[in-house]
Structures are given as C-alpha cells and as structure tokens.
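This report refers to the structure that appears directly beneath it.
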Amino acid sequence: MNPSPMQERLASLLRDYFEVDPQLLRPDAPLDELGMDSLSLAELLTILEEEDGVPLPEIPSSLTKQTTLAEVVRIIEEQRAAAQAGPDGGEPAPADGGTVPADGKRVLADGKAALVDGGTVSPSQDRTADQSVTQ
C-alpha cells in the first residue's frame, strides 16, 4: 500500500527536523519508538501549521506515546478536513473574515459587496457588517 501524501510529508519532517532514522518510519511505529514525546509532537504540528497556513486544533488527549504514525496521520487529516469544511461541516468559512448568514448570501467583514452564486451582490441584496446575521 502506498503512503498518503500526509504520511510522506510527516516522514520527511520527522527525518529533517527531528532526525528520526528513516528505517523506523513505518505506519505502525508508535511515537515513543520514534523518540517523539508530547513536546516534539506539538513542534511537529506547529511546523505543519506554519508551512501550510491551515491551523490545527490542539493535540487531542487521545494521543499517547503508543499512538502510531498512521493514527497521527489520520487525526491530522480529519482535523484538516473539518477545519476546511467550515464551522457547520458544510461550505468552507469565508477567507475574507466575513460571515455566511442562513440565507447563504455572504457578508464581508467590512460591509462591502460580496459574491452570491458567482455574481456581485446588488445594492438591494447588500448588507452591512453591523446588521444582525446568523452564521
């Protein structure tokens, strides 16, 4: 079975930043066998966040020294998918800092025109950031 892109990426980071022996980088290798503790795992996740610009939630308490590399990959991929899916698990959150009200029409944080169905919002549809909207 071929490693996933995230598994390859983690293996590369573990070799380059943490000097883990490439022979040890198996999907079933527990973190303690790789010389990883909670601090080094936090450092690894910080590197991923900084390089990709996708924030990851805090390290789940379910991760232990016996957690395998494959389990870490799965957790990271799940958290990234959830972060990219947006707060309700559907459409991604607006990158412009605006909100998406229940009617689906985007409102930019600065109250300027937004896009709806690929077009520009007409003045009658335009809303300002100070109007009450639901997320």
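Residues in the sequence shown are numbered from 1 upward in steps of one, following full-length UniProt numbering.
Cβ coordinates follow ideal geometry from the N, Cα and C atoms, glycine included.
Counting only the same chain and skipping the five closest in sequence on each side, list residues whose C-beta sits under 8 Å from that of residue i.
i: residue 44; result: 10, 13, 14, 17, 18 and 36
i: residue 32; result: 65 and 66
i: residue 7; result: 27, 69, 70 and 73
i: residue 29; result: 68 and 69
i: residue 47; result: 13 and 17
Would you grab the beta carbon distance between residue i and residue j for me? Rounded to a whole angstrom, and I think it's under 8 Å.
i: residue 26; j: residue 63; result: Their Cβ separation, rounded to whole angstroms, is 18 Å, which puts residue 26 and residue 63 out of contact at 8 Å.
i: residue 34; j: residue 24; result: 6 Å
Look up residue i in the DSSP assignment and say whether it is helix, strand or coil.
i: residue 46; result: helix
i: residue 22; result: helix
i: residue 30; result: strand
Quick one, which of the options has its alpha-carbon nearest residue i's?
i: residue 3; options: 38, 30 and 74; result: 74
i: residue 49; options: 21, 76, 20 and 39; result: 76
i: residue 54; options: 20, 29, 85 and 21; result: 85
Within the same chain, show all residues whose beta-carbon is closer than 6 Å to that of residue i, passing over the 5 residues directly before and after it, in chain order.
i: residue 82; result: none
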